[in-house]
Ligand code: 5AD
Ligand code: SF4
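Residue numbers (our numbering): 160 to 631.
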């Protein structure tokens with residue numbers, strides 16, 4: 160059942176979905192059915208999965224970490240780089256025998272990859288046992304689509320080609336108890352030449368301030384202490400709203416919400432990082448002194464070809480402004496190596512930019528050509544072996560600096576918001592500093608959700624270790 164169309168989402172649509180939720184509840188509730196969601200890609204996707212989980216919990220499915228035990232398996236996909244796509248094909252393909260053994264199970268594939276017609280067609284043709292395919296713009300219609308999939312012998316497909324209005328009030332099952340993600344805007348208008356996001360996530364749409372503030376007040380009442388505001392380019396928040404409330408003003412309003420102790424946000428585009436925002440970050444006590452500011456490349460020639468709309472010099476001026484307004488601020492970044500035409504000299508400029516800024520950490524990527532983007536059509540694509548070599552050289556430098564930066568924390572007492580137990584360790588607590596450093600330490604369960612003073616005793620590239628100094 161192929162159903163490709165463009166629609167505008169009416170505000171009544173969530174009301175309509177409630178009807179499908181009731182119908183699903185009648186069928187699912189109390190049956191002990193389980194779901195498993197596999198998420199690829201960025202925080203936006205992780206948060207979308209929390210929304211899907213919220214809907215599934217509402218109708219009576221329970222979550223399981225064991226894929227083979229699940230009655231419903233969802234893959235929430237990412238198409239930013241090719242390797243994530245290849246993993247999706249491998250993992251969906253591996254479920255063929257599972258589906259044969261469990262014909263009543265539901266297998267769904269959703270998210271950014273599905274927004275590309277040729278890919279959703281390919282999934283449908285290659286893996287006919289997939290029951291449900293949907294994209295990013297119609298996630299709120301999941302109850303209706305799931306109901307159709309339960310009743311159909313064919314793959315149910317619905318991919319909306321364009322984004323509708325911002326949809327509110329989708330239930331969310333959040334995975335952490337201390338820190339919550341809150342989407343403040345969807346889409347991107349920037350069209351960096353390598354990036355597929357504007358094609359699959361649509362144009363920028365800001366959520367209304369009242370909806371965002373309402374959600375955060377509710378989170379505060381539920382006991383959350385930290386919020387991370389999400390958007391592809393949060394610095395352009397509000398530019399599309401009638402009500403003129405821009406990102407710095409939004410931060411000031413969130414800063415006033417009692418019980419919320421920390422505010423983080425990502426991602427920021429350097430071209431939209433205003434003096435007002437820097438001043439607001441410095442003045443608001445709850446806004447964490449950490450900024451993720453993707454540089455992507457250190458050479459002006461490559462930055463131009465990437466359509467980033469800033470030069471290395473402008474970026475370095477921003478870094479200076481940030482550090483003079485907030486000494487000690489942590490800076491992190493994204494970097495791509497092996498963009499088409501990147502010479503050894505260009506690459507050395509990326510290395511020198513990393514040395515100049517001295518990032519606390521960086522996400523580093525090998526350039527991956529994405530169909531439909533302008534960079535994919537550029538001549539002078541770089542050999543994979545060369546790209547990998549550059550990535551290794553870059554990572555060596557980034558990791559060395561991360562370790563040096565972390566060593567500066569040795570013997571210092573830092574405030575850590577305790578999030579829970581460290582992965583795979585039931586005796587070690589984990590939390591983060593204001594500057595987003597992960598700190599692991601031994602402590603009592605009742606510290607979870609509180610701020611603890613930790614004395615740092617060991618520093619690694621990725622994390623710090625310490626012991627409780629005092630609590631407040
Ligand atoms: N190839 C490699 N990295 C990419 N990114 C986005 N598109 C590509 C691509 N085609 C990286 C950018 C971006 C991060 C989320 O992913 O660095 O900031
Ligand atoms: Fe992609 Fe550039 Fe938009 Fe970031 S700002 S999502 S890199 S197009």
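For each residue, glycine too, the CB sits at the ideal point set by N, CA and C.
As the structure is a prediction and not an experimental result, all values here were calculated from the model.
Within its chain, find whatever has a CB closer than 8 angstroms to the CB of residue i; leave out the 5 residues flanking it on each side and keep chain order.
i, result
"residue 419", "375, 378, 379, 383, 384, 385, 386, 413, 445"
"residue 587", "580, 581, 599, 600, 601"
"residue 339", "333, 378, 383, 385, 386, 387"
"residue 632", "Because the chain spans 160 through 631 in this model, residue 632 falls outside it and cannot be assessed."
"residue 571", "614, 615"
"residue 429", "452, 453, 454, 467, 469, 473, 474, 477"
Mind checking residue i: buried by the 16 CB within 10 Å criterion, or exposed?
i, result
"residue 263", "exposed"
"residue 164", "Here the model assigns residue 164 a pLDDT of 37, short of 50, so the residue's position is not dependable and the matter cannot be decided."
"residue 502", "exposed"
"residue 626", "exposed"
"residue 189", "exposed"
"residue 530", "exposed"
"residue 567", "exposed"
"residue 527", "buried"
"residue 433", "exposed"
"residue 186", "exposed"
"residue 395", "buried"
"residue 467", "buried"
"residue 183", "buried"
"residue 252", "exposed"
"residue 524", "buried"
Based on DSSP bridge pairs, tell me the residues matched to residue i.
i, result
"residue 269", "235"
"residue 493", "522"
"residue 625", "600, 615"
"residue 293", "317"
"residue 339", "386"
"residue 424", "388"
"residue 194", "222, 231"
"residue 590", "577, 598"
"residue 306", "According to DSSP, residue 306 bridges with nothing at all."
"residue 451", "491"
"residue 345", "364"
"residue 610", "576"
Below 8 angstroms on the Cβ atoms is my contact criterion, and I expect residue i with residue j to pass it. Report the Cβ-Cβ distance as a whole number of Å.
i, j, result
"residue 238", "residue 359", "6 angstroms"
"residue 272", "residue 318", "Contact doesn't hold; Cβ gap of about 10 angstroms is too wide."
"residue 282", "residue 292", "6 angstroms"
"residue 257", "residue 230", "So it is not a contact: roughly 11 angstroms between Cβ atoms."
"residue 392", "residue 351", "Actually they are not in contact, since the Cβ atoms of residue 392 and residue 351 sit about 10 angstroms apart, beyond 8 angstroms."
"residue 461", "residue 505", "5 angstroms"
"residue 561", "residue 620", "5 angstroms"
"residue 618", "residue 565", "4 angstroms"
Looking only at its own chain, which residues have a Cβ that is under 6 angstroms from the Cβ of residue i, when we skip the five neighbours before and after it?
i, result
"residue 269", "235, 293"
"residue 161", "A caution first: residue 161 carries a pLDDT of 40, below 50, which makes its placement in the model unreliable, though a value can still be read off. Around residue 161: 316."
"residue 203", "389"
"residue 400", "365"
"residue 425", "451"
"residue 435", "407"
"residue 537", "499"
Could you name the residues of the same chain whose beta carbon sits closer than 7 angstroms to that of residue i, not counting the 5 residues immediately before and after it, in chain order?
i, result
"residue 196", "208, 211, 212, 233, 235"
"residue 454", "474, 492, 494, 512"
"residue 303", "176, 179"
* Say whether the region 240–248 touches the region 201–212, bearing in mind that this needs 3 or more beta-carbon pairs closer than 8 angstroms, one atom from each stretch. => By the Cβ criterion, the region 240–248 is not in contact with the region 201–212, since fewer than three pairs of Cβ atoms, one from each stretch, lie closer than 8 angstroms.
* To do: Please confirm if the region 443–457 is in contact with the region 483–494, defined as three or more CB-CB distances below 8 angstroms between the two stretches.
  => At 8 angstroms Cβ cutoff, the stretches touch.
* Stretch pair the region 362–371 + the region 340–349: three plus CB contacts closer than 8 angstroms -> As far as the Cβ criterion goes, the region 362–371 touches the region 340–349, which means the pair count is three or higher.
* Is there contact here, the region 508–520 with the region 553–566, by at least three beta-carbon pairs under 8 angstroms? -> The answer is yes - the region 553–566 touches the region 508–520, with three or more Cβ pairs under 8 angstroms.
* To do: Please determine if the region 538–549 and the region 588–598 are in contact, where contact requires at least 3 C-beta pairs separated by less than 8 angstroms.
  => Counting Cβ pairs under 8 angstroms, fewer than three are found: no touch.
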